[in-house]
Amino acid sequence: MMLELFLVTMVFSSPLILLVIIKHYFAYKTTVQKELVLLQQANRAEAVLTMQNKLAVLIERIIVLEKIVTNSNVDLSREIEQL
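Note that the sequence shown covers residues 181 to 263 in the numbering used here.
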């Protein structure tokens with residue numbers, strides 16, 4: 181009798197338990213997806229800042245090189261060493 185009662189309870193409660201588990205899974209998946217998007221946006225912003233910094237350094241170097249090439253009165257070896 182107890183076994184039959186247990187089986188009947190399991191048959192009726194299994195779909196409900198399954199629905200609760202599925203609901204929690206999709207809520208978790210949505211939360212993780214939102215966090216992933218935020219991390220990707222932060223990573224992109226950091227990459228842009230890094231590239232801007234590298235670009236600024238390269239522009240400074242180009243300016244120095246242009247000065248070296250166009251100014252014949254500058255000590256060439258001193259300027260090259262400063263790079």
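Cβ coordinates follow ideal geometry from the N, Cα and C atoms, glycine included.
- The beta carbons of L219 and V244 sit about 38 Å from each other, so the pair does not count as a contact at 8 Å.
- In the DSSP assignment, N233 falls within the unbroken alpha helix (DSSP H) covering 182–250.
- Per the coordinates, the alpha-carbon of V237 lies some 10 Å from the alpha-carbon of M231.
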